[in-house]
Amino acid sequence: MSIFSRFSDIVNANINSLLEKAEDPEKIIRLMIQEMEDTLVEIRSAAAKCIADRKEHRRHIEFLEREQGEWERRAELAVRNDREDLARAALAEKQAISDTIEQLQEETSNLDEQLNQFNEDITKLQSKLNDAKQRQRSIVIRHKTATSQLAARKHIHDDKIDEMLFRFENAERRIDRIEGEGEAMEMGRRKNLADEIEGLEDDDRVEAALQELKSKVGEAKEEKTDE
Numbered sequence: 149m150s151i152f153s154r155f156s157d158i159v160n161a162n163i164n165s166l167l168e169k170a171e172d173p174e175k176i177i178r179l180m181i182q183e184m185e186d187t188l189v190e191i192r193s194a195a196a197k198c199i200a201d202r203k204e205h206r207r208h209i210e211f212l213e214r215e216q217g218e219w220e221r222r223a224e225l226a227v228r229n230d231r232e233d234l235a236r237a238a239l240a241e242k243q244a245i246s247d248t249i250e251q252l253q254e255e256t257s258n259l260d261e262q263l264n265q266f267n268e269d270i271t272k273l274q275s276k277l278n279d280a281k282q283r284q285r286s287i288v289i290r291h292k293t294a295t296s297q298l299a300a301r302k303h304i305h306d307d308k309i310d311e312m313l314f315r316f317e318n319a320e321r322r323i324d325r326i327e328g329e330g331e332a333m334e335m336g337r338r339k340n341l342a343d344e345i346e347g348l349e350d351d352d353r354v355e356a357a358l359q360e361l362k363s364k365v366g367e368a369k370e371e372k373t374d375e
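Following the working numbering, the numbering of the sequence shown begins with 149 at its first residue and continues without gaps.
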């Protein structure tokens, strides 16, 4: 699967827009990075060949310039010896070398322009690649976070959790019922104790009334005896 068809597609690509339209952003960003890295390797390889060609051209130019100087020297020697024919031949060789040097210099200039373009392309592509890798790290982190949150939510809504909570609620209800029964028993005991105490108070009043009655009866008997 290819994301980009040309280098310009990579440089002009809106990474955010591509990711927003993607069904699997993590996969798309991985493929984008792979294509960018492959393209970067290709451009660097082409730039390396261009550098090698430029060095070769410069060496050739230096060699030809020395040859050009040598033919100039030979032409002068021929003139000093009145050999115009040899001088013309030497100058012709010098001119041919001069033409070759001019051609090589033009090619070297073109190579310089290519290298400048390669350097510019590599800079742009490296910037895009760095941006894509940063986006990839962000996407991976967001994906892991979303996955963890989803797993946590599934765990929270799991039937086993619901069943466990239901059991806890039942246990709490049973405890409430037992505590209620205990409180009810205590309430009954407190009531019985109050009744017993109240009964004792009633007994005291009855006993007092009985003693009072006995006293009255005793006094009445004594009065009859005296009569």
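Even glycine gets a Cβ: it sits at the ideal position worked out from N, Cα and C.
How many Å lie between residue i and residue j at the Cα?
i: residue 176; j: residue 248; result: 51 Å
i: residue 260; j: residue 197; result: 12 Å
i: residue 236; j: residue 211; result: 22 Å
i: residue 151; j: residue 255; result: Confidence in residue 151 is poor, its pLDDT being 36 and thus under 50, which makes the residue's placement unreliable; the coordinate value appears in the next sentence. Cα-Cα distance, rounded: 35 Å.
i: residue 186; j: residue 223; result: 55 Å
i: residue 266; j: residue 195; result: 6 Å
i: residue 278; j: residue 263; result: 22 Å
i: residue 283; j: residue 296; result: 20 Å
i: residue 153; j: residue 274; result: With a pLDDT of only 48 at residue 153, under 50, the local geometry of the prediction cannot be trusted, and no value is derived from it.
i: residue 149; j: residue 183; result: Note that residue 149 has pLDDT 41, beneath the 50 cutoff, so the model's placement of it is unreliable and the number below is only indicative. Residue 149 and residue 183: Cα-Cα distance of roughly 10 Å.
i: residue 243; j: residue 276; result: 49 Å
i: residue 292; j: residue 203; result: 51 Å
i: residue 241; j: residue 218; result: 10 Å
Please say whether residue j and residue i have beta carbons closer to each other than 7 Å?
i: residue 191; j: residue 216; result: no
i: residue 252; j: residue 289; result: no
i: residue 280; j: residue 199; result: no
Which residue from the options puts its Cα closest to that of residue i?
i: residue 239; options: 220, 321, 255; result: 220
i: residue 271; options: 174, 189, 179, 297; result: 189
i: residue 193; options: 269, 282, 243, 226; result: 269
i: residue 178; options: 275, 287, 231, 258; result: 287
i: residue 430; options: 363, 356, 250; result: Any property of residue 430 remains undetermined from this structure, which presents the chain solely from 149 to 375.
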